[in-house]
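**Student:** My questions will all concern the structure given below.
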Amino acid sequence: MAATTARTSNGPPAKDDCLTGRRDALFEPADAVLCTDGPVKTLVDLALAPEHRRGHGALYGSLNRGRMDIGRLRAALAGLPVPRAADGRLVLAVDVSPWLRPDAGTCSDRSYCHTYGRGEAKHQMMPGWPYSFVVALETGRMASFT
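Position 47 (the sequence shown) corresponds to 47 in the UniProt record's numbering; numbering is contiguous.
Spelled out as structure tokens, the structure:
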């Protein structure tokens, strides 16, 4: 996939500036993950997706040797415009979900996550990692998500 995002000399870095090793090869697994219907359970499934046009070995090579500059990624994301409602307000959506890992005893940074209705409709505290997403929503009608 050809990178089409341009960068001005004083503007934020473009998204393709964040990838510093095997840049082109890393775009295709990302496209395949985003465009595949349903969850991707194995790398073989990812390599067989129509969006991944390279060979199976290139997938492993891009994941093993590809690099991303996190500082550049932060600058690129911070430079994006924040969508606002017509009256200038920010409309945010928040999702807080647990990633349950009760059997990962060697991970010392786990905490306890509240879960709803596990087992016999009991609320339980399970070891895992809570994570959250906050996104700014655009107003107006969307034609399609694809």
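Cβ atoms here follow ideal geometry from the backbone N, Cα and C, with glycine treated the same way.
Remember, it's a predicted structure, so these values are computed and weren't measured experimentally.
In terms of residues, what are the limits of the alpha helix (DSSP H) holding His-56?
**Tutor:** Run containing His-56: 56-65, per the alpha helix (DSSP H) assignment.
**Student:** Measure the C-alpha to C-alpha separation of Ser-108 and Gly-128 and round it to an integer number of angstroms.
**Tutor:** The straight-line gap from Cα to Cα measures roughly 10 Å.
**Student:** What's the call for Cys-18, buried or exposed, on a 16-neighbour Cβ count within 10 Å?
**Tutor:** With 16 or more Cβ atoms within 10 Å of its Cβ, Cys-18 is classed as buried.
**Student:** Could you give the uninterrupted runs of the alpha helix (DSSP H) lying entirely in the UniProt domain "Transposase IS701-like DDE" (17-142), keeping only those of 4 residues or more?
**Tutor:** Whole alpha helix (DSSP H) segments, 4+ residues: 23-35, 43-48, 56-65 and 70-78.
**Student:** By a C-beta neighbour count over all protein chains shown, 10 Å radius and 16 as the cutoff for buried, is Ser-62 buried or exposed?
**Tutor:** Classification for Ser-62: buried.
**Student:** Would you decide whether Ala-76 is buried or exposed? Buried here means 16 or more other CB atoms lie within 10 Å of its CB.
**Tutor:** Answer is buried; the Cβ neighbour count reaches 16.
**Student:** When the distance is taken between beta carbons, is Ala-58 closer than 7 Å to Ala-25?
**Tutor:** Going by C-beta atoms, Ala-25 is nearer than 7 Å to Ala-58.
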